[in-house]
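Asker: Next up is a structure, given as structure tokens.
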Amino acid sequence: MKEILFLGVLLLLGLFACSKKVKSTKKAAPLSSEEKISAFANKIYQKDYQVDYNTSKTVACISKSVKKQADATHPTLSFTLYETATEKILFKETIRRATGKWKNDNQFEVTVVPERVGRMGTLDKKQGWIYDVTTGKKRRR
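Below is the structure:
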């Protein structure tokens with residue numbers, strides 16, 4: 002009787018030792034579009050960036066203003082237009098002495114402050130351009 006009990010215990014130990022170990026794997030929840038944009042912005046600009054969406058939140062402008070010189074009155078604007086659905090970069094540029102904003106749902110407007118002083122001691126007219134996200138074209142304002 003002891004031998005049968007001993008063989009039974011030995012058989013159970015053998016089964017447990019040889020059985021496959023099954024890991025319980027938890028699938029990570031998919032990232033939201035905001036989390037994806039944040040991860041992308043961290044990759045490009047590391048910190049101190051700003052994210053502005055168009056009105057329908059289909060395109061994000063990820064930007065960072067950097068003063069190249071400590072006494073600079075207007076910073077350099079570095080920005081990327083990023084399509085949220087396709088996770089595709091639509092446009093990327095760095096412009097000295099510039100600001101940018103969404104003009105409407107499809108157009109991003111960049112204004113460049115002139116560097117030289119015109120006649121009468123006033124700054125020349127502000128320049129810039131508009132990038133259309135639907136056509137992928139840039140045109141002067």
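Note that the sequence shown covers residues 2 to 142 in this note's numbering. Think of the CB as a built atom: it goes at the ideal place given N, C-alpha and C, for glycine as much as any other residue. These figures come from a predicted structure and were not determined experimentally.
Taking the alpha carbon of isoleucine 38 as the point to measure from, which residue in Gln70, Lys69, Thr56 and Ile90 has its own alpha carbon closest?
Answerer: The residue with the shortest Cα to Cα distance from isoleucine 38 is Ile90.
Asker: Mapping DSSP to helix, strand and coil, what is serine 34?
Answerer: Three-state DSSP puts serine 34 in a helix.
Asker: Can you tell me which residues form a DSSP beta bridge with isoleucine 90?
Answerer: Partner(s): Tyr83.
Asker: Can you name the start and end residues of the beta strand (DSSP E) that glutamate 110 belongs to?
Answerer: Its beta strand (DSSP E) spans residues 108-113.
Asker: Could you pull the DSSP bridge partners for alanine 99 from this structure?
Answerer: Paired residue(s): Val113.
Asker: Where do the N-terminal and C-terminal ends of the beta strand (DSSP E) with aspartate 72 fall, by residue?
Answerer: Per DSSP, aspartate 72 belongs to no beta strand (DSSP E) and is neither H nor E.
Asker: Could you spell out where the beta strand (DSSP E) holding glutamine 1 opens and where it closes?
Answerer: Since the first residue shown for the chain is 2 and the last is 142, residue 1 is missing from the structure and cannot be characterised.
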